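Chemist:
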Amino acid sequence: MNINFNNIRTNTTNAAQAVQTTAEAEKTSEATLNSYDLTISLAEAAIEDIKAAGLPEDALRRDDDLGKLVSAAFSLPPPPFPDV
Amino acid sequence: MKTVEEHYKVLAPRLTNWLVASGSSYAEACDIVQDTFVKIWNMRNDLQEDDNAVSGLVFTIARNIRKNLVRAEKHLVLQDEIGEDEAGATPETNLTPDDERDYLRRKLVEAFAKLPPILRDAYTLFQVAEMPISEIAVQTGVSENLVKVRIFRAKEKLKELLANVRKDFC
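Each protein sequence line maps, in turn, to chains C and G.
Going by my numbering, 85 is the number at position 82 of the first sequence; the sequence numbering is gapless.
Going by my numbering, 1272 is the number at position 31 of the second sequence; the sequence numbering is gapless.
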């Protein structure tokens, strides 16, 4: 039986190269994904800033009609200080 | 540095009312407030001087105590559904101011329960617990701007949910 060692060597080398190429591609993909994540986070933060900047002036008042209603309803007295 | 009693004077009313706004009964809220301050008393030598840090710690302990209570009692803290009849109900006549306040409080708790939890937390911490935005951001783990947006959204949603109730009281 004739065994072609050259073919085996070539195939093994090709397979090793394929594995290495796949590993490198995975690394590149991961780096790309991380970069996308970072970009998305920055974009989200920027969107929050824009939304916050666009809020009406009285958006964060505690003494508007609703705020007064809530404050009036939730004026329950606390319990006495615990017996420590 | 403030004593535990001084922190109690400022924080206990806010915490009691915030717990009720978040679905606890008044009796349960009082128990949680007292248990929280027993823990704070035991930690009194390790408390930081920063008032916001103490306030954050108090609210975190109270949240945890309530979580454990809920797990132990296996009951729902928040009522997720408001009956249609009840939602449109108006206050009965001949009510005392205390009755009216109870009615209003019940309606508000029901409306809070209908908000998404992230909006409910932001709004009740802001309005009922009177927490600064920066502290709410720390408590809820998001940016100050997102807290502001959540408070605004909660207000808009509450105005819709409470349209009938506000007509009666405003």
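Glycine residues also receive a C-beta, built at the ideal position from the N, C-alpha and C atoms.
Computed from a predicted structure; not experimentally measured.
Using a Cβ-Cβ cutoff of 7 Å, what residues of the region 48 to 66 of chain C are near chain G? List them in chain order.
Modeler: The residues in question are 48, 51, 52, 54, 55, 58, 62, 63 and 65.
Chemist: Give the DSSP-derived three-state secondary structure of residue 1266 of chain G in the structure shown.
Modeler: In this structure, residue 1266 of chain G counts as coil in the three-state DSSP scheme.
Chemist: For residue 39 of chain C, count neighbouring Cβ atoms within 10 angstroms of its own Cβ and tell me buried if that reaches 16, exposed if not.
Modeler: With fewer than 16 Cβ atoms within 10 Å of its Cβ, residue 39 of chain C is classed as exposed.
Chemist: At a cut of 8 Å, does the region 1351 to 1363 of chain G reach the region 1384 to 1403 of chain G through at least three beta carbon pairs?
Modeler: The region 1351 to 1363 of chain G vs the region 1384 to 1403 of chain G: in contact.
Chemist: What residues of chain C sit near residue 1300 of chain G, judged by a beta carbon separation below 9 Å?
Modeler: In chain order: nothing, as chain C lies at least about 14 Å away.
Chemist: How big is the Cα-Cα spacing for residue 75 of chain C and residue 29 of chain C?
Modeler: About 60 Å.
Chemist: Which residue wins for smallest C-alpha separation from residue 1369 of chain G, given the options C/81, C/21, C/73 and C/66?
Modeler: When each option's Cα is compared against that of residue 1369 of chain G, the closest is C/73.
Chemist: Where does residue 1375 of chain G fall in DSSP's three states?
Modeler: Helix, per DSSP.
Chemist: Within the 8 Å Cβ cut-off, does residue 1380 of chain G reach chain C?
Modeler: It does not; no Cβ of chain C falls within 8 Å.
Chemist: Please confirm whether residue 1363 of chain G has its beta-carbon closer than 8 Å to some beta-carbon of chain C.
Modeler: Residue 1363 of chain G does not count as touching chain C.
Chemist: Identify the contact partners of residue 1257 of chain G in chain C, using a Cβ-Cβ distance below 8 Å as the criterion.
Modeler: Those within 8 Å of residue 1257 of chain G in chain C are 79, 80, 81 and 82.
Chemist: Taking the straight line between their C-alpha atoms, what separation do you get for residue 81 of chain C and residue 1257 of chain G?
Modeler: The straight-line gap from Cα to Cα measures roughly 6 Å.
Chemist: Out of curiosity, what's the CA-to-CA distance linking residue 58 of chain C and residue 43 of chain C?
Modeler: Between residue 58 of chain C and residue 43 of chain C, the C-alpha separation is close to 23 Å.
Chemist: Mind checking the region 1245 to 1271 of chain G against chain C and listing, in chain order, the residues whose C-beta falls within less than 7 Å of any C-beta there?
Modeler: For the region 1245 to 1271 of chain G, which is checked against every Cβ of chain C, the residues closer than 7 Å are 1246, 1249, 1253, 1254, 1257, 1258, 1261, 1262, 1267 and 1271.
Chemist: Which residues in the same chain have their Cβ closer than 7 Å to the Cβ of residue 1385 of chain G, if we skip the five residues on either side of it in sequence?
Modeler: Contacts found: 1374, 1375 and 1378.
Chemist: Can you give me, in chain order, the residues of the region 24 to 48 of chain C that have a beta carbon less than 7 Å from any beta carbon in chain G?
Modeler: For the region 24 to 48 of chain C, which is checked against every Cβ of chain G, the residues closer than 7 Å are 48.
Chemist: Run the proximity test for residue 1285 of chain G: is its beta-carbon closer than 7 Å to any non-hydrogen atom belonging to the ligand MG?
Modeler: No copy of the ligand MG appears in this structure; indeed no ligand is present at all.
Chemist: With a threshold of 8 Å between beta-carbons, can residue 1243 of chain G be considered close to chain C, or not?
Modeler: Judged by the 8 Å Cβ criterion, residue 1243 of chain G is not in contact with chain C.
Chemist: For residue 1308 of chain G, does the count of other Cβ atoms within 10 angstroms reach 16, so buried, or fall short, so exposed?
Modeler: Residue 1308 of chain G is exposed by the Cβ-count criterion.
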